[in-house]
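Chemist: So that we are looking at the same thing, I have put the structure below in structure tokens.
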DNA sequence: CCTTTTACTTATCATTTGATAACTAAATAC
DNA sequence: GTATTTAGTTATCAAATGATAAGTAAAAGG
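Residue numbers (the working numbering), protein chains in the order written: chain A, 1 to 142; chain B, 143 to 284.
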């Protein structure tokens, strides 16, 4: 087994995980927001509170465009902007109550599909999957 | 360990694999094509020969838009369209010589970054990664 | 044959996204 | 205390993408 083979297997996994992600998340997004806005909300959900510059960097969206999309999300009452009391240039973004409800619904739908996907796996399989996830997370996707 | 925990771990892996994909593929795309066109070329590369309808379905692009993008790729001489001799409504799409060169370059850049990423892993780690990839591929990402 | 279905195309339009320049306001550096 | 840097905003524009309607041509079904 050389590294070239490992590379191919890894690409195959990345391809599969992309496909599965699509499968798990398709149509969970509310029609009220655009794909980019959903990505931003997803990021805020797992990282809040977060600053506009962090969103910009991690999602590879320019600051002007990040600002524009955050403004739209704010107008839709899905997020809240708070100004840092120490440094008043900085902002903290979090989900609003309404935004949390929306994202909870989306994540619940994803979880349901996931549970459906693994429902036929045996206890041993699930444990093996768990170990494999840990291993890849630490050794490959650090 | 309940399924809820496994779900969270799996989401974490999907998130990581998305991040790593970004890292491995950023800037490998030629400026001559758009992101969607690159995705299509990627799909053609691993699945050729492939029909427009397959591309449309697998990449979730409507047939009219798939047709438009394939036309553009064809005008850029990156792909070739062949009509099925049996059923003249059907087409087979493959990379042109030029398209292959472009995609080979892109894949080589990705491979280099990948090798760089695993260069410090021990032989045992690599074997463990290999087994984990196989396991996830068969048990989770089927 | 004639109708229907399939595979793909063309044209058009609205929306989303990306890129850039010019801006404000606050903090920091000198 | 003025200059510079940082964090974010506004405005504007072009390009990419998505959606829809209407079309062609070949094949399949009756």
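The beta-carbon is built from N, C-alpha and C at its ideal position, and this holds for glycine as well.
Predicted, not measured: the structure shown is a model, and the values here were computed from it.
Is the segment 107-121 of chain A touching the segment 31-38 of chain A, taking contact as three or more C-beta pairs under 8 Å?
Modeler: With the cut-off at 8 Å, the segment 107-121 of chain A and the segment 31-38 of chain A do not touch.
Chemist: Going by other Cβ atoms of all chains shown within 10 Å of its Cβ, with 16 needed for buried, is residue 159 of chain B buried or exposed?
Modeler: So residue 159 of chain B counts as buried.
Chemist: Identify, in the order they occur along the chain, each residue of the same chain with its Cβ nearer than 6 Å to the Cβ of residue 218 of chain B, setting aside the five sequence neighbours on each side.
Modeler: Cβ neighbours of residue 218 of chain B beyond the five flanking positions: none.
Chemist: Should residue 196 of chain B be flagged as near chain A, meaning a C-beta pair shorter than 9 Å?
Modeler: Residue 196 of chain B does not count as touching chain A.
Chemist: How many Å lie between residue 130 of chain A and residue 138 of chain A at the Cα?
Modeler: Cα to Cα, residue 130 of chain A sits roughly 13 Å from residue 138 of chain A.
Chemist: Would residue 206 of chain B be called buried (16 or more neighbouring beta carbons within 10 Å of its own) or exposed?
Modeler: Exposed is the call here.
Chemist: Distance cutoff 9 Å, beta carbons only. Does residue 3 of chain A sit that close to anything in chain B?
Modeler: For residue 3 of chain A, the answer is yes, since a Cβ of chain B falls inside 9 Å of its Cβ.
Chemist: What are the uninterrupted segments assigned as alpha helix (DSSP H) that are 4 or more residues long and contained completely in the segment 146-208 of chain B, given in chain order?
Modeler: List check, alpha helix (DSSP H) in window: 177-189 and 194-200.
Chemist: Quick check on this structure: which residue in B:253, B:165 and B:148 has the alpha carbon closest to the alpha carbon of residue 60 of chain A?
Modeler: Comparing Cα positions, the closest option is B:165.
Chemist: Contact between the segment 182-193 of chain B and the segment 232-252 of chain B: three or more CB pairs below 8 Å?
Modeler: Because the criterion of three Cβ pairs below 8 Å is met, the segment 182-193 of chain B and the segment 232-252 of chain B touch.
Chemist: State buried or exposed for residue 124 of chain A, treating a residue as buried only when at least 16 other CB atoms are found within 10 Å of its CB.
Modeler: Exposed.
Chemist: Rounded to a whole number of angstroms, what is the C-alpha to C-alpha distance between residue 238 of chain B and residue 221 of chain B?
Modeler: Computed Cα separation, rounded: 5 Å.
Chemist: Would you tell me roughly how many angstroms separate the C-alpha atoms of residue 91 of chain A and residue 37 of chain A, rounded to the nearest one?
Modeler: So the two alpha carbons sit approximately 18 Å from each other.
Chemist: As a quick exercise: from B:171, B:193 and B:161, pick the residue whose alpha carbon is nearest that of residue 225 of chain B.
Modeler: The residue with the shortest Cα to Cα distance from residue 225 of chain B is B:193.
Chemist: Here's a check: name, in chain order, each residue in its chain whose Cβ is nearer than 7 Å to the Cβ of residue 167 of chain B, leaving out the five neighbours to either side.
Modeler: Cβ neighbours of residue 167 of chain B beyond the five flanking positions: 252.
Chemist: Residue range of the beta strand (DSSP E) that residue 220 of chain B falls in?
Modeler: Note, residue 220 of chain B: premise wrong, no beta strand (DSSP E); not H, not E.
Chemist: Taking 9 Å as the threshold (beta carbon to beta carbon), is residue 173 of chain B in contact with chain A?
Modeler: Answer no: the Cβ-Cβ gap between residue 173 of chain B and chain A never drops below 9 Å.
Chemist: For the alpha helix (DSSP H) that residue 233 of chain B lies in, which residues bound it at each end?
Modeler: Premise fails: residue 233 of chain B lies in the beta strand (DSSP E), 233-237, not in any alpha helix (DSSP H).
Chemist: Distance, Cα to Cα, residue 133 of chain A vs residue 284 of chain B?
Modeler: Spanning the two alpha carbons is a distance of roughly 15 Å.
Chemist: Have a look at A:89, A:55 and A:27 and flag the residue whose alpha-carbon is nearest the alpha-carbon of residue 105 of chain A.
Modeler: Residue A:27 is the option with its Cα nearest to residue 105 of chain A.
Chemist: With the cut-off set at 9 Å, would you say residue 149 of chain B and residue 7 of chain A are in Cβ contact?
Modeler: No. Outside cutoff.
Chemist: Applying the 10 Å Cβ sphere with the 16-neighbour rule, what's the burial state of residue 199 of chain B?
Modeler: The residue is exposed, with fewer than 16 neighbouring Cβ atoms inside 10 Å.
Chemist: Tell me, to the nearest whole angstrom, how far the beta carbon of residue 215 of chain B is from that of residue 183 of chain B; I am working on the premise that it is less than 8 Å.
Modeler: About 7 Å; that satisfies the 8 Å criterion.
Chemist: Suppose the cutoff is 8 Å on Cβ atoms and the five residues either side in sequence are ignored; what does the same chain contact list for residue 209 of chain B look like?
Modeler: Within the same chain, residue 209 of chain B has close Cβ partners 194.
Chemist: Could you tell me whether the Cβ atoms of residue 277 of chain B and residue 20 of chain A are closer together than 9 Å?
Modeler: Not a contact, by the Cβ cut-off of 9 Å.
Chemist: Below 9 Å between beta carbons: does that hold for residue 3 of chain A and residue 254 of chain B?
Modeler: Contact: no.
Chemist: Mapping DSSP to helix, strand and coil, what is residue 84 of chain A?
Modeler: DSSP places residue 84 of chain A in coil when its eight states are reduced to three.
Chemist: Do you know offhand how far residue 236 of chain B's Cα is from residue 197 of chain B's?
Modeler: Between residue 236 of chain B and residue 197 of chain B, the C-alpha separation is close to 12 Å.
Chemist: Got a sec? Which residues, its chain only, sit under 8 Å from residue 212 of chain B by beta carbon, not counting five neighbours each side?
Modeler: Within the same chain, residue 212 of chain B has close Cβ partners 182, 194, 197, 221, 223 and 235.
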